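Protein chains: 4
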Amino acid sequence: MSVNKIDECIQKLLPKLREWRRHFHQYPEVGWTEIYTTYVITQELKKLDGTVVYGEELIQSNARQGVPDENVLEKAEIKAEELQVPAEFIQQTKGGYTGALIQLEGKEEGPHVCYRVDIDALPITETSADSHFPNKENFASAFRGEMHACAHDGHITLGLGLATFLSEHPEEWNGTVTIIFQPAEEGSRGAKAIVANGWLDNVDYFMSGHIGITDMKAGTIAATAAKFLATTKFDVIFTGISSHAGAKPEEGGNALLAAAAAAVHSYGISRHSKGDTRINIGKLNAGSGRNVVADFAKIIGETRGGSTEVNQYMMNEVERMIKASALMYGVESWIEYTGEGMAADCDSEWQHWIASALEKSSLVEHVEPSKEVGASEDATVMINHVQRKGGKATYMLFGTELAAGHHHPSFDYEEAVFGPALAAFIYPLVNNVWREEK
Amino acid sequence: MSVNKIDECIQKLLPKLREWRRHFHQYPEVGWTEIYTTYVITQELKKLDGTVVYGEELIQSNARQGVPDENVLEKAEIKAEELQVPAEFIQQTKGGYTGALIQLEGKEEGPHVCYRVDIDALPITETSADSHFPNKENFASAFRGEMHACAHDGHITLGLGLATFLSEHPEEWNGTVTIIFQPAEEGSRGAKAIVANGWLDNVDYFMSGHIGITDMKAGTIAATAAKFLATTKFDVIFTGISSHAGAKPEEGGNALLAAAAAAVHSYGISRHSKGDTRINIGKLNAGSGRNVVADFAKIIGETRGGSTEVNQYMMNEVERMIKASALMYGVESWIEYTGEGMAADCDSEWQHWIASALEKSSLVEHVEPSKEVGASEDATVMINHVQRKGGKATYMLFGTELAAGHHHPSFDYEEAVFGPALAAFIYPLVNNVWREEK
Amino acid sequence: MSVNKIDECIQKLLPKLREWRRHFHQYPEVGWTEIYTTYVITQELKKLDGTVVYGEELIQSNARQGVPDENVLEKAEIKAEELQVPAEFIQQTKGGYTGALIQLEGKEEGPHVCYRVDIDALPITETSADSHFPNKENFASAFRGEMHACAHDGHITLGLGLATFLSEHPEEWNGTVTIIFQPAEEGSRGAKAIVANGWLDNVDYFMSGHIGITDMKAGTIAATAAKFLATTKFDVIFTGISSHAGAKPEEGGNALLAAAAAAVHSYGISRHSKGDTRINIGKLNAGSGRNVVADFAKIIGETRGGSTEVNQYMMNEVERMIKASALMYGVESWIEYTGEGMAADCDSEWQHWIASALEKSSLVEHVEPSKEVGASEDATVMINHVQRKGGKATYMLFGTELAAGHHHPSFDYEEAVFGPALAAFIYPLVNNVWREEK
Amino acid sequence: MSVNKIDECIQKLLPKLREWRRHFHQYPEVGWTEIYTTYVITQELKKLDGTVVYGEELIQSNARQGVPDENVLEKAEIKAEELQVPAEFIQQTKGGYTGALIQLEGKEEGPHVCYRVDIDALPITETSADSHFPNKENFASAFRGEMHACAHDGHITLGLGLATFLSEHPEEWNGTVTIIFQPAEEGSRGAKAIVANGWLDNVDYFMSGHIGITDMKAGTIAATAAKFLATTKFDVIFTGISSHAGAKPEEGGNALLAAAAAAVHSYGISRHSKGDTRINIGKLNAGSGRNVVADFAKIIGETRGGSTEVNQYMMNEVERMIKASALMYGVESWIEYTGEGMAADCDSEWQHWIASALEKSSLVEHVEPSKEVGASEDATVMINHVQRKGGKATYMLFGTELAAGHHHPSFDYEEAVFGPALAAFIYPLVNNVWREEK
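First to last, the protein sequences are chains A, B, C and D.
Using my numbering, read the first sequence as starting at 6 and increasing by one per residue.
Using my numbering, read the second sequence as starting at 6 and increasing by one per residue.
Using my numbering, read the third sequence as starting at 6 and increasing by one per residue.
Using my numbering, read the fourth sequence as starting at 6 and increasing by one per residue.
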């Protein structure tokens, strides 16, 4: 197939991509509750010529991190029922077994190439502003309090578009392709459970990527990403003693104040000369009644670091501060770790491979060798695993203007990103860019 | 009826009182959601010879304070349905129209005497300790997260016992008696809505009281209470800007930290030389996701003061600190006032009246003229209203040992308090203690 | 001597009292550095007919509390030299041996009556406002950073006035009188060292008092004071690790932040239902250079409580919070106790004794039986000691309007207070009010 | 002169360098008080063949930043007197006119080459540990509370060594050389005042450098430095209302708590995705007496940023937080800016120039093209000025092991650094590395 033909195929797919994207945008589901999302994905994949995997075959139960509470999982189940997901499918994916993958075979023998996209949404309420594109075009989130505010709706779409192209044109490529639709990327929770079931063990080349992140224009692709932050996710519970706030304030052990102190002081952990640091206490819930000294508090937080060492420094500091905050108010504290993201380095070969492959595509205007992410990515768990096993991995960035930053209630990107991004996934494979290796 | 006869009547009621108390203890409902509680009360009252009032006739809609959110009210409705409260009754009391009263007539014309008991529970999870009396005797709260931890189960019981006695022995007393079963005492929210409907307008003598509070033994009664704290109840909402905590932390406006700062600093408001002060932030809920800078926070709090002036000082300080906390983190804040309690002075005549009336009862060993409360009480709204209209009011304290302080998960009192407490309500009326007045 | 004669004598003394007061006001010296003040006092006392005591005979070295640092003591020495205090006198009083007493004998045998006034100033810079009376009359503090902002200049004056009267009119009274000019009252530091040398062991009647405090007018006297707060004085040192704030911030252990956290959180210690509480961190000094993580911090503070028990609760909380603050920032902390004040009760007999004695004086318009202090007083150490040994003690309050509150840079009182206050000291003795005892 | 000869000359100087270093180490003087240091420097320079400049000829009065208080300046004067600095010299340099420069002429006409070293010490007390090299060798700081803990003693030494070599070997180099001995580098305060007097206006090539900073070994030189942090230095004064902490706590406006809140919260300013950030509150001094609500507080701090924009973000946040902290406690605040450091980029030509020049020296083992500083440097003011005028500038780093980090009480470096560092200053000039330019 000539280069022009591939570009044409991609362009023919674009209306379908847009449709998928808008559908997924309407039904955002947070990590480990993506039952409906997974159902729609698998329905699409089953139309293609490949093997579709999901449920416990995909996800190893014990390697899952940060699975939400029973009642959150149950609500997701009820929501899926209301959206007419068949009972059998719910049975297989409920309780935190979401996500799917498809395996396809090319014309001839060849390397095992793995792509990974992520599928979960965020616990953010989408803006109701008229100027917000999903409002204008009538595809805003149907679920108050959940939103695709990190472009994973677009990532699912790219995964489906890629699978469709590869299934329809097996003569254009060699080897085996696995496309993973990973759940629970937010909070760096889901990748480990897929790796644990061996799905990344024999991968020769691994590609993933993200829409947005840096300030490149639509049409521009970064072949590799740099500066992934290592991260630790944690929950803390403080338990104190309740008492009547008017009559016996001195008998209380104030868990709310301990949690508030932990929050305030942990942001003040010293910066580190050896790399970026981050701290976030994303949630704090404390207390029961207005006139009762709060005997319970929970905080949910994360640290990040430019390296594993720097992230560890942050987490050591947080641990000591939580202990100190509990002591400050005479209460008890427990820390639970719920997720962990690694630093990672893309193999530099991709800078050349991707640039040369995309040279031919009219859909991509410019390829940057590398751009900094400055955030954490659960894909790093897969990248590190593939590299340890001898494979080569990259994480691309797909340029687009943003209406507002990632995780913002007004987040939105240009749908014009789909063409170049899909090209960036397809061309290296079709061009067999790694043929000179070995 | 001789004194001995009255004591006998009370003693005959005691098994019933215990039964009532344990029943109400099992079904605690927090303020404005006491549908089932109100239903059981009215069922009992309707067996008696008096006029029973509840719903909008009792409660003035606009004068209600601190009515909870729609979804809390709805859950209460569902709970009431599950407890088989008839649909019609739910219809009349749902959405924050709980509570009831009964009016009874004595043998002859006479003064209008009003009693008030309170009926709401607290958002506290009862201890599961085996040594806790309600666990031993198998009548602990059936609702996780709600508990009668301030003896209102006993107060309802006293109200029903009093109504029963007065209804069965109309020949023993003169005048009109109103017994009010007030909802939403916690947070000083319900009294105003009953006063607003005029139920306290023509009251000559007003009596209320509380089990526990001071360290008197069972058998001892304080004829009056002193040192009610004035109080203001408030909610605060902080709204900031969400952003990706790893990728764009600097773009966030952290509402969680603003709320935490408001909590930490407001406890540090300077003490006041002119009287007691209290501050409590009873609840703090903030944030949505672990890796999102929190754009929303809510705190629920209260101030108290030994006088209205001192309470106002506290509230002025809190207001300034909330504004400063919002400024600290570049977010917005709104304060809403949800309840207000007043200082109050019992009329000193009651010290003599109650002491002399109870001299005759074998159930009461000792009467203290006055004891300090050191807390707030919604009854003060009624006390002040009655006094402004020319009536005389008191608030008694009923001695008992406590297993743990009020609002503590292990709170419990001696059921032996019921005999003396009921006597303290009945004897002044039967003895017509105010006959020398006017 | 007739009553009129006593009043006349007092009135004749008033110009001298005013002169003394203004002189002492100009030369304020903080606790344990009152060398010049002590020198002037002893010079005046030596003119009288009594035994003057000072230096180590008065002050027991080991029982002194809160003696300042060597360099503060040295500066005081230099200041005294500049004010021409003779070298020998400096030798006897320097290093924290200030204060004086005089013992006088009356006409006949009689009880041992002890008076106590305090002589130290505060580390406050006097206002430069023109409207401030000492500025208008040109007797403001000559020492920047030190000020008689708690009326001890007036107390010294009353002590000298009393000594003068008693020395000039020995025929008017019986028994032995000791007048103690106590150093280092602020911070409750000096009384213990005088008690330790036995000077209060054989006292039958003890009188002390304070100008101002309550809102009584000039001419009004409170015969006794109530509600002295128990208090604990403490210093805390935090030691951390300094590091370059730009290049290696993560290597620091921030003592400044630990001290700041200790300050902020300790004000938030829960109020106590059993009595008043106070907390003050009066000074915080931390750090060395702008771009150095601070490795040192010192805070100086105090707790108070309505009872010894409540004060102990405060101090226990502070101790835990200091430990927690150090842990929060990974630094070390040490607490040193530097003073302790007790609760005390005046003997109620004085209410009658003083009221009846002063009935005859035209200088006093009204005697209140008792007024609340709501603060701490080092005299309580003497009051408790005298009472334990079988004596009777009181602490009077002398009414005056105040230009601004105690310890305020604009603090000032009416000099009209001297007449009534001196009468309140003299009349009970001259009238032998305790003659009916025993 | 052959390369071997230059190395020999340098080696012959080494004992003298060690001697100078140890002398300056013993007499550390903080910024703008380096009277004795300047005196010793000028005494040495005057032995050489050049023009020596100091006092107001060097320093423009109005362009000085962060000059300390009068009493600090006076103490420095007294210290200089005690160290026998002649009165006339004190007269010329006291009050903040420290520092010196020397201008020398080479064999032939040539470019104007400027070197800059810094001379001030830090307000840190040197460790008394026996293992500390200056203690072992008996040259520790003679001034408690001041210490050369940032290697400026070594920098002065290098400046003197350089001047000595150039003066003794004018035949070895061409053009004009200015060697600036800059005062008050710490806090980025002194450079501006020298630039303002025009001393950098006609400089073609500018060299400066620092001992330590990165983890290179002795013998290794970094030809250029990257990642200077922009910085802002500020002082804040909080003024509140003093009151008696026991008797009228509610009347106080607590400046100490406002300053403590500002410190705690400002460390919690959000990290920035676009570059490094730093915040330090280096000093906090608040309050006057233990039982007085503190009416005064001062904090001394700095922000830094990886770029001018990021530093500005930090300072904007600090400003808002200071305002909020004042509001929190009802006090007033004022911010004063006392210094400002810029970001800077070394001209990349130096990487080649220095590497090639030093290839020939046996004293230098290895030249790194560039190393990151991650801190602020007052030299950036000169670097930017020179570059704006068309000159080329670099800032080298001189490798050494460190006993402890910069600004640490145990800071120490290897004296072996002097040989390579002096070579790094001399070789580019002698080799006329810039000859190919223009």
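No residue lacks a Cβ here, since even glycine has one placed at the ideal position from N, Cα and C.
The model shown is predicted, which means the values in this text are computed figures rather than measured ones.
Ordered along the chain, which non-local residues of its own chain (more than five positions away) have a Cβ less than 8 Å from that of residue i?
i: isoleucine 242(D); result: Phe301, Ala302, Lys303, Ser338, Trp339, Glu341
i: aspartate 54(B); result: Leu109, Ser172, Pro175
i: asparagine 437(B); result: Gly115, Trp178, Asn179
Looking only at its chain, what residues have a beta carbon closer than 6 Å to the beta carbon of residue i, apart from the 5 residues adjacent to it on each side?
i: cysteine 119(B); result: Thr183, Val208, Phe211
i: glycine 166(C); result: Leu18, Leu22, Leu427
i: isoleucine 185(B); result: Leu106, Arg121
i: alanine 266(A); result: Ser330, Met333
i: leucine 262(D); result: Tyr334
i: threonine 38(D); result: Ala81
For residue i, I'd like the list of residues in its chain whose CB is within less than 7 Å of its CB, leaving aside the five on either flank, ordered along the chain.
i: lysine 51(A); result: Val57
i: isoleucine 129(B); result: Met152, Ala154, His412, Pro414
i: threonine 98(A); result: Ile40, Thr43, Tyr59, Gly60
i: alanine 398(A); result: Phe211, Cys351, Asp352, Ile388, Val391, Gln392
Check residue i in the structure and name its three-state DSSP category.
i: tryptophan 339(C); result: strand
i: leucine 262(A); result: helix
i: serine 146(D); result: coil
i: glutamate 86(B); result: helix
i: glutamate 406(D); result: coil
Are residue i and residue j close, meaning C-beta to C-beta below 7 Å?
i: leucine 125(C); j: glutamate 49(C); result: Per the sequence shown, the amino acid found at residue 125(C) is aspartate instead of leucine. No; because the gap between Cβ atoms is not below 7 Å, this pair is not in contact.
i: glycine 379(D); j: lysine 288(D); result: no
i: serine 367(B); j: tyrosine 432(B); result: no
i: glycine 258(B); j: isoleucine 246(B); result: yes
i: serine 271(A); j: methionine 326(A); result: yes
i: methionine 347(A); j: alanine 264(A); result: no
i: glycine 280(B); j: glycine 251(B); result: no
i: glutamine 356(D); j: threonine 169(D); result: no
i: isoleucine 226(B); j: proline 425(B); result: yes
i: methionine 221(B); j: threonine 282(B); result: no
i: glutamate 256(A); j: glycine 410(B); result: yes
To which residues does DSSP link residue i through a beta bridge?
i: glutamate 373(A); result: Ala227(A)
i: histidine 277(A); result: Gly280(A)
i: glutamine 108(B); result: Thr56(B), Thr183(B)
i: threonine 237(C); result: Thr308(C), Glu345(C)
Confirm the yes/no value for this check: CB of residue i, any heavy atom of the ligand MG, distance under 6 Å.
i: arginine 121(B); result: No copy of the ligand MG appears in this structure; indeed no ligand is present at all.
Going along the chain, which residues of the region 157–170 of chain B sit with their C-beta nearer than 8 Å to a C-beta in chain D? none
Residues in the region 301–326 of chain D with C-beta within 8 Å of chain A's C-beta atoms, listed in sequence order? none
Mind checking the region 238–266 of chain A against chain B and listing, in chain order, the residues whose C-beta falls within less than 7 Å of any C-beta there? Lys238, Ser247, Ser248, His249, Ala250, Gly251, Ala252, Lys253, Pro254, Glu256, Leu261, Leu262, Ala265, Ala266
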